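Peer 1: Take the sequence shown: its position 119, counted from the start at 1, is 1112 in our numbering, and no numbers get skipped.
For every residue, glycine included, the Cβ atom is placed at its ideal position computed from N, Cα and C.
Just so we're clear, the structure is a prediction, and the values are computed from it rather than from any experiment.
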Amino acid sequence: MVSETTLLSRLREIIFDSESGSSEIAIGVLKLLSKEAEPTTYQHEVKLLETMINIALERPSLILPVNLLTTIRDALQIAPRSKARLKDLTERLLEIYSESLSNAVSKAVERIRGMRRIFTLSYSSQVFRVLLSLKDVSVIVNAGWPLFDGLLMAKRLRSIGINVNVYPDAALAEAVEVSDVVLIGCDAVLRDGSLVNRSGTFLASKVAEDKKPVISIVDVFKL
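1. Do ILE1007 and LEU1026 come within 8 Å of each other at the CB atom, strictly closer than that value?
2. Would ILE1065 be called buried (16 or more neighbouring beta carbons within 10 Å of its own) or exposed?
3. Between the alpha carbons of VAL1211 and TYR1160, how many angstroms are there, rounded?
4. Would DSSP call ARG1104 helix, strand or coil?
5. CB TYR1090 to CB LEU1150, shorter than 8 Å?
6. Kindly confirm or deny that the region 1034-1052 and the region 1158-1173 touch, where touching means at least three C-beta pairs closer than 8 Å.
7. How do the region 1053-1060 and the region 1093-1109 stand: do at least 3 beta-carbon pairs fall below 8 Å, yes or no?
8. DSSP puts ASN1156 in a beta bridge; with which residues?
9. Give me whichever residues DSSP pairs with THR1181 in a beta bridge.
10. DSSP puts THR1113 in a beta bridge; with which residues?
11. Look at VAL1130 and VAL1102 and say whether their C-beta atoms are less than 8 Å apart.
12. Can you list, in chain order, the stretches of the alpha helix (DSSP H) that have 4 or more residues and sit fully within the region 1043-1103?
13. Throw me the rounded Cβ distance for the ILE1208 and LEU1176 pair, which I believe falls under 8 Å.
14. Got a sec? Which residues, its chain only, sit under 6 Å from PHE1112 by beta carbon, not counting five neighbours each side?
15. Kindly list the residues whose CB is nearer than 7 Å to the CB of GLU1084, restricted to its own chain and excluding five residues on each side of it in sequence; keep chain order.
16. Taking the alpha-carbon of ALA1136 as reference, which of LEU1127, LYS1128 and MET1146 has the nearest alpha-carbon?
17. Output needed for PHE1214: all residues of its chain with C-beta closer than 8 Å, excluding positions within five of it in sequence on either side, in chain order.
18. Less than 7 Å between C-beta atoms, sequence neighbours within five positions excluded: which residues of the same chain meet that for GLU1031?
19. DSSP beta-bridge partners for LEU1144?
20. Given this structure, state the Cα-to-Cα distance separating GLY1178 from GLY1014, to the nearest angstrom.
21. Where does LEU1216 sit, in a helix, a strand or coil, going by DSSP?
22. Could you tell me the distance, in whole angstroms, from the CA atom of ALA1181 to the CA atom of VAL1189?
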């Protein structure tokens, strides 16, 4: 267990991690809360969650941690106070969320199986899991300026024996044209059904439009 100040400081580090995908950040938040939050009163736990939600909201493009923390707060508020504990609720949600991610990955694998050339934009932990399950594919990825997370994806895929071709960002359209499918992650789903994801997603989708499938790996907590 750590002090509340340290807990919130670690939370901020996780939320503003520019290298990890939204799912990895969400898992990190839940693990932090389940392992490090000190047992305290019901009122203090609710107040702590409110503070954590406000910190997560400082990165508005990343709705997933906000949704998960809000789910815990709401569950804490409606459950009998003698039975609801922050640690227990967080551990249970971690189980549910991990299962949700696995289901999303499994469905994507089913959709993509048989396609050989897969284009993806950047590093996404869930895209990586899908490609890890397929393996007998060739991946096309753009560099991903300014973070160059496409290069990170390429490095990790090559380390497990998957063939990867890296294209410059300026050649994104060409990279999509030579692929069989576009596979992307997702940071959030808006009310109109549109997706929030890293830059380049819209262009890749437009190039693929009516020519080849665009598949996004989405779990229910991103809605």
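Peer 2: This is what the structure gives:
1. Your numbering for residue 1026 matches position 33 in the sequence shown. Your numbering for residue 1007 matches position 14 in the sequence shown. No, these two residues do not count as a Cβ contact at 8 Å.
2. As a position in the sequence shown, residue 1065 is number 72, starting the count at 1. With 16 or more Cβ atoms within 10 Å of its Cβ, ILE1065 is classed as buried.
3. Along the sequence shown, one-based indexing puts residue 1211 at 218. Along the sequence shown, one-based indexing puts residue 1160 at 167. If you take the alpha carbons of VAL1211 and TYR1160, they lie about 25 Å apart.
4. Your numbering for residue 1104 matches position 111 in the sequence shown. DSSP places ARG1104 in helix when its eight states are reduced to three.
5. Locating residue 1090 in the sequence shown gives position 97, counting from the first residue. Locating residue 1150 in the sequence shown gives position 157, counting from the first residue. Taking 8 Å as the Cβ cut-off, TYR1090 and LEU1150 do not qualify as a contacting pair.
6. no
7. In short, these stretches do not touch, since the Cβ pair count stays below three.
8. What you label residue 1156 is simply residue 163 of the sequence shown in a count that begins at 1. ASN1156 is bridged to SER1131.
9. Along the sequence shown, one-based indexing puts residue 1181 at 188. Looking at the sequence provided, one finds Ala at residue 1181 rather than Thr. Per DSSP, VAL1189.
10. The sequence position of residue 1113 within the sequence shown is 120, counting from 1. For THR1113, which the question treats as bridged, DSSP gives the partners VAL1134.
11. Counting from 1 along the sequence shown, the entry for residue 1130 is found at position 137. Counting from 1 along the sequence shown, the entry for residue 1102 is found at position 109. No. Outside cutoff.
12. 1056-1071
13. The sequence position of residue 1208 within the sequence shown is 215, counting from 1. The sequence position of residue 1176 within the sequence shown is 183, counting from 1. Between LEU1176 and ILE1208 the Cβ distance is about 5 Å, and since that is below 8 Å, they are a contact.
14. As a first step, residue 1112 must be located in the sequence shown, where it is residue number 119. These residues qualify, in order along the chain: ILE1133, ALA1168, VAL1169, SER1172 and VAL1175.
15. Working through the sequence shown from its first residue, we reach residue 1084 at position 91. Same-chain partners within the cutoff: SER1027.
16. Position 143 of the sequence shown, counting from 1, holds the residue named residue 1136. Minimum Cα distance to ALA1136 is reached at MET1146.
17. Indexing the sequence shown from 1 puts residue 1214 at position 221. Residues ALA1019, LEU1057, ASN1060, LEU1061, THR1064, TYR1090 and SER1093 of the same chain have their beta carbon placed closer than 8 Å to that of PHE1214, with the five preceding and five following residues left out of the count.
18. In the sequence shown, counting from the first residue as 1, residue 1031 sits at position 38. Excluding sequence neighbours, GLU1031 sits near MET994.
19. In the sequence shown, counting from the first residue as 1, residue 1144 sits at position 151. LEU1144 is not bridged to any residue.
20. Looking up residue 1178 in the sequence shown gives position 185. Looking up residue 1014 in the sequence shown gives position 21. Rounded to the nearest angstrom, the two C-alpha atoms are 8 Å apart.
21. Counted from its first residue, the sequence shown places residue 1216 at position 223. Coil at LEU1216, not helix or strand.
22. The residue given as residue 1181 occupies position 188 in the sequence shown. The residue given as residue 1189 occupies position 196 in the sequence shown. Approximately 5 Å, taken between the alpha carbons.
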